[in-house]
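Visitor: Pasting a structure here, questions to come.
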Ligand SMILES: C[S@@+](CC[C@H](N)C(=O)[O-])C[C@H]1O[C@@H](n2cnc3c(N)ncnc32)[C@H](O)[C@@H]1O
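In my numbering, the protein residues as written are 87 to 341.
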């Protein structure tokens, strides 16, 4: 039975993710990540492109809070690339440390997306987050090669759907795919597209998409405001851990 999306029904939407330590282009979508876990209750979740783990740990936090049995995989080389830049081993070590509390269910697959393909059974993934290299050909390849892994409840998230710089091409793929499936696109936080690919996605997601498409400005404003709150809280957390910076700022303010 369908019913309109009511944010007040959500247990997680207004909570903060546990790991707000690292800001990323994804930070503003963490409330949606937790909410999505709540309404989908995925059995298997795969993230392609994890880096410091802002999105991945938000999914894990949702899974842990709701005591779901979701199996989570983060696929990434932890080496960087043309869009993300290069970085050192500490990024992986930090994430592995933070992620330890979520074991045994989540797994960090330190490899390329192609190498991870044989590790995930076909028709098994309920939630796939694609956030790898953002050129059109790369993101299209990620979608095409991972599509057979989607279950009949499969939902795909694309990050950077409104990013036009540095030859990003997610927006182009989004324009092609979004009319073919129930979908919605958030425009804050560089854009996040939700594509309900499976023929049997949960009714709760279809209800959300129906409300979002009927009242896009209101739904975008809600999730954008919740995202900004996480961004501000994470900046505050960071500042709290930098007493020297706070002292310097206070001194400037007094002048
Ligand atoms: C934008 S970052 C992910 C950000 C992350 N989701 C977050 O929450 O902050 C995307 C990463 O995917 C990696 N990547 C791109 N293509 C890849 C591939 N084929 N295999 C493994 N990693 C890849 C890149 O190195 C890049 O650092």
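Glycine included, every Cβ here is placed at the ideal spot set by N, Cα and C.
Fair warning: this is a prediction, and the values are worked out from it, not measured in the lab.
For ligand 1, is there any heavy atom lying closer than 7 Å to the beta carbon of residue 232?
Guide: Counting from 1 along the chain shown, the entry for residue 232 is found at position 146. Because no heavy atom of ligand 1 lies under 7 Å away, the Cβ of residue 232 does not count as near it: no.
Visitor: In three-state DSSP terms, what is residue 98?
Guide: Residue 98 sits at position 12 when you count from the first residue of the chain shown. Three-state result, residue 98: coil.
Visitor: Report all residues from its chain with a CB closer than 7 Å to the CB of residue 224; omit the five preceding and five following residues, and keep chain order.
Guide: Here residue 224 refers to the residue found at position 138 when the chain shown is read from its first residue. If we look at residue 224 and ignore the five residues flanking it on each side, its Cβ neighbours are 218.
Visitor: Do residue 278 and residue 272 count as a contact pair if the criterion is CB distance below 8 Å?
Guide: As a first step, residue 272 must be located in the chain shown, where it is residue number 186. As a first step, residue 278 must be located in the chain shown, where it is residue number 192. Yes, the pair counts as a contact, with Cβ atoms nearer than the cut-off.
Visitor: Can you tell me whether residue 146 is helix, strand or coil according to DSSP?
Guide: Residue numbering aside, residue 146 sits at position 60 when the chain shown is read from its first letter. Here residue 146 sits in helix by DSSP.
Visitor: Are the CB atoms of residue 220 and residue 246 nearer to each other than 8 Å?
Guide: The residue given as residue 220 occupies position 134 in the chain shown. The residue given as residue 246 occupies position 160 in the chain shown. Closer than 8 Å, so yes.
Visitor: For residue 161, verify whether its CB is less than 7 Å away from any heavy atom of ligand 1.
Guide: Within the chain shown, the letter at position 75 stands for residue 161. Checking every heavy atom of ligand 1 against the Cβ of residue 161, one is found closer than 7 Å.
Visitor: Just tell me which of 97, 88, 114 has its CA closest to the CA of residue 308.
Guide: As a working mapping, residue 308 is identified with position 222 in the chain shown. For residue 308, the nearest C-alpha among the options comes from 114.
Visitor: How far does the alpha helix (DSSP H) with residue 118 in it extend, from its first residue to its last?
Guide: As a first step, residue 118 is located in the chain shown; it is residue number 32 there, counting from the start. For residue 118, the uninterrupted alpha helix (DSSP H) run begins and ends at 116-126, by DSSP.
Visitor: Are the Cβ atoms of residue 242 and residue 283 separated by less than 8 Å?
Guide: The residue you call residue 242 lines up with position 156 of the chain shown. The residue you call residue 283 lines up with position 197 of the chain shown. Contact: yes.
Visitor: Flag this pair as yes or no: are the beta carbons of residue 158 and residue 122 separated by less than 8 Å?
Guide: On the chain shown, residue 158 is found 72 positions in, with the first residue counted as 1. On the chain shown, residue 122 is found 36 positions in, with the first residue counted as 1. No.
Visitor: Quick one: measure Cβ to Cβ for residue 212 and residue 129, integer angstroms, because I've assumed they're closer than 8 Å.
Guide: The count along the chain shown starts at 1 and reaches residue 212 at position 126. The count along the chain shown starts at 1 and reaches residue 129 at position 43. Sure, about 5 Å apart at Cβ, within 8 Å.
Visitor: If you run the structure through DSSP and keep just helix, strand and coil, what is residue 138?
Guide: Within the chain shown, the letter at position 52 stands for residue 138. The three-state secondary structure of residue 138, taken from DSSP, is coil.
Visitor: Using alpha carbons as the reference points, say which of 251, 244, 270 lies closest to residue 259.
Guide: What you label residue 259 is simply residue 173 of the chain shown in a count that begins at 1. The shortest C-alpha separation from residue 259 is found at 244.
Visitor: Check whether the segment 324-335 and the segment 133-148 are in contact - that is, three or more C-beta pairs closer than 8 Å.
Guide: no
Visitor: Just checking my contact of residue 288 with residue 125 at CB under 8 Å: how many whole Å lie between their CB atoms?
Guide: Position 202 of the chain shown, counted from the first residue, corresponds to residue 288. Position 39 of the chain shown, counted from the first residue, corresponds to residue 125. Between residue 288 and residue 125, the beta carbon gap of about 7 Å places them in contact (Cβ cut-off 8 Å).
Visitor: Using 10 angstroms around the beta-carbon of residue 303, count the other beta-carbons present and answer buried if the total reaches 16, otherwise exposed.
Guide: On the chain shown, residue 303 is found 217 positions in, with the first residue counted as 1. With fewer than 16 Cβ atoms within 10 Å of its Cβ, residue 303 is classed as exposed.
Visitor: Rank 152, 229, 249 by C-alpha distance to the C-alpha of residue 240 and give the top, closest one.
Guide: The residue you call residue 240 lines up with position 154 of the chain shown. Considering only alpha carbons, the answer is 229.
Visitor: Quick check: is any heavy atom of ligand 1 less than 7 Å from the C-beta of residue 153?
Guide: Locating residue 153 in the chain shown gives position 67, where the first residue counts as 1. Result no, Cβ not under 7 Å from ligand 1.
Visitor: In the DSSP assignment, what are the bridge partners of residue 278?
Guide: Working through the chain shown from its first residue, we reach residue 278 at position 192. According to DSSP, residue 278 bridges with 245, 272.
Visitor: Residue 199: buried (16+ other C-beta within 10 angstroms of its C-beta) or exposed?
Guide: The count along the chain shown starts at 1 and reaches residue 199 at position 113. Answer is buried; the Cβ neighbour count reaches 16.
Visitor: Determine the burial state of residue 145: buried for a count of at least 16 other Cβ atoms within 10 Å of its Cβ, exposed for fewer.
Guide: One-based indexing of the chain shown puts residue 145 at position 59. Answer is buried; the Cβ neighbour count reaches 16.
Visitor: Which whole-angstrom value is the C-beta distance of residue 143 and residue 184, which I expect to be below 8 Å?
Guide: By one-based count along the chain shown, residue 143 stands at place 57. By one-based count along the chain shown, residue 184 stands at place 98. So it is a contact: roughly 6 Å between Cβ atoms.
Visitor: Let's test the definition: count the other Cβ atoms within 10 Å of the Cβ of residue 91 and tell me whether it reaches 16, buried, or not, exposed.
Guide: In the chain shown, the residue the question calls residue 91 occupies position 5. Result: buried.
Visitor: What is the C-beta distance between residue 232 and residue 196, in whole angstroms, given that I count them as a contact (C-beta under 8 Å)?
Guide: Taking the chain shown and counting its residues from 1, one reaches residue 232 at position 146. Taking the chain shown and counting its residues from 1, one reaches residue 196 at position 110. Actually they are not in contact, since the Cβ atoms of residue 232 and residue 196 sit about 18 Å apart, beyond 8 Å.
Visitor: Can you give me the start and stop residues for the alpha helix (DSSP H) that residue 303 sits inside?
Guide: Along the chain shown, one-based indexing puts residue 303 at 217. Boundaries of the alpha helix (DSSP H) around residue 303: 302-326.
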